[in-house]
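In mature numbering (1 follows the signal peptide of the UniProt record, and there is no 0), the protein residues as written are -30 to -1, 1 to 392. Working notes for the structure below.
Dropping the structure here:
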């Protein structure tokens, strides 16, 4: 009524005022409503219930969308894969050319990772036939002529893959190489061979092992402009040391770390059988508590809090739940079978993914990684690195078994090449 008081004072007669009141009251109400619409956001925040903060991804810093279609006009994802792709770069973990071509065409995947086991499996397909890579891969000239047979095949596979995708490919060094100097030479040879095939180094990442020698080689290669992906990261000390050496990307073995912990828990509690749910050593009840997922999120949080530009790639996944738990990580490389499965699954409500550093739930704060060796983010020395790795039984055993597996598959490929050349 305060807004109507001037009118009351100017009214010539009470009867006229009574006639005008029904007309003036709706106008006053409408005026107040229009002001609320204009200032509604600030009004709601000051007078309504407080809004819950959105959890953000490490790499993009964008809040999760709470509705199917926001003001930006972005539609809801059609499936779980698309939901993850909106927050992270998904790579195809395969060397099969037709599979990669199909994934690129159907799902828009543009980047590919390989490893010695994948390369060997692909090269040995149709072994003995005229179309086999063992027969088709040329011995080459120039830089290619200095490569070992399995290295030439790995580069040839990478070259073919880059003809069907516009992104990048990863090629791994010979896992049997154990000193930094030889690793650097081999990496230069791989990059030079790609270059002679017309492929710029920006499209190639060299995969180096997360051993002491591999990390030292990474440091030298990165200074030369050769981008490295440090693989076989199964412990915090490996990831921290690789980032402090300037690695472009590290790849954590999510599935293998998880497998190790499940096996260890079963052995400790039940003599080999799976631990019952709810017991101290039972497997994680949700993917966010998975040891491999936790390792990955801890390392990402460490990099962010210490200002390290190294990006994190989750690898070796066992389930869509593990992938979903790492939505928002910089990169995820996924096997084609799991990619296809996720493309058929509906999007999930409440996907948490990787939280932004400093915005972690209180219950996760205790999982932050310990400070690096010597108590600061400076580069560790070999002795402290090996000592810290030795104290991590999971990291030591998963690293050893993975190296042995890659070495075994590389030797099998070499034997097949030698047989094909006879």
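Note that CB positions come from ideal geometry on N, CA and C, so glycine has one too.
- For residue 63, the uninterrupted beta strand (DSSP E) segment begins and ends at 59 to 63.
- By the neighbour-count criterion, in which a residue is buried when 16 or more other Cβ atoms sit within 10 angstroms of its Cβ, residue 68 is exposed.
- In this structure residue 139 is in contact with residue 173, their Cβ atoms being roughly 7 Å apart against a cut-off of 8 Å.
- According to DSSP, residue 179 shares a beta bridge with 201.
- Straight through space, the alpha carbons of residue 47 and residue 319 are spaced by roughly 11 Å.
- The count of Cβ pairs closer than 8 Å, one atom from the stretch 258 to 278 and one from the stretch 181 to 199, stays below three, leaving the stretches out of contact.
- DSSP places residue 80 outside any beta strand (DSSP E), giving it a letter other than H or E.
- Beta-carbon to beta-carbon, residue 144 and residue 166 are separated by about 20 Å, too far to satisfy the 8 Å threshold.
- With a contact defined as Cβ atoms closer than 8 Å, residue 280 and residue 273 qualify at about 6 Å.
- According to the DSSP secondary-structure assignment, residue 142 is paired through a beta bridge with 177.
- Ranking 52, 45 and 191 by CA distance to the CA of residue 298 puts 52 first.
- Going by DSSP, residue 54 is part of the alpha helix (DSSP H) stretching over 50 to 55.
- Excluding its 5 nearest sequence neighbours in each direction, residue 114 has C-beta neighbours in its own chain below 8 Å: 108, 122, 125, 163 and 166, listed in chain order.
- In this structure residue 215 is not in contact with residue 203, their Cβ atoms being roughly 12 Å apart against a cut-off of 8 Å.
- Separation of the CB atoms of residue 59 and residue 300 is rounded to 7 Å, and the pair is thereby assigned contact status at 8 Å.
- Residue pairing from DSSP places residue 222 in a beta bridge opposite 203 and 284.
- Just so you know, the alpha carbons of residue 50 and residue 292 end up roughly 12 Å apart.
- Under the DSSP assignment, residue 120 falls in the alpha helix (DSSP H) whose first and last residues are 119 to 132.
- Rounded to whole angstroms, the Cβ separation of residue 219 and residue 175 is 7 Å, and the two are in contact under 8 Å.
- Secondary structure at residue 276: coil, using DSSP grouped into helix, strand and coil.
- Boundaries of the alpha helix (DSSP H) around residue 363: 363 to 391.
- In this structure, DSSP gives residue 269 a helical state, which the three-state scheme calls helix.
- According to the DSSP secondary-structure assignment, residue 304 is paired through a beta bridge with 62.
- A check of alpha carbon separations from residue 374 across 168, 148, 192 and 171 identifies 148 as the nearest.
- Beta-carbon to beta-carbon, residue 302 and residue 283 are separated by about 7 Å, close enough to satisfy the 8 Å threshold.
- In this structure residue 156 is buried. Its beta-carbon is surrounded by 16 or more other beta-carbon atoms within 10 angstroms.
- When the beta-carbon positions are compared, residue 226 and residue 368 come within less than 8 Å of each other.
- Of the residues assessed, residue 237 falls on the exposed side of the cut-off, its CB having fewer than 16 other CB atoms within 10 angstroms.
- The straight-line gap separating the alpha-carbon atoms of residue 350 and residue 361 is approximately 15 Å.
- Residue 200 places its beta carbon 8 Å or farther from that of residue 285.
- As the crow flies, the alpha-carbon of residue 213 is around 13 Å from that of residue 197.
- Excluding the 5 residues flanking it on each side, residue 382 has same chain C-beta neighbours closer than 8 Å at 90 and 94, in chain order.
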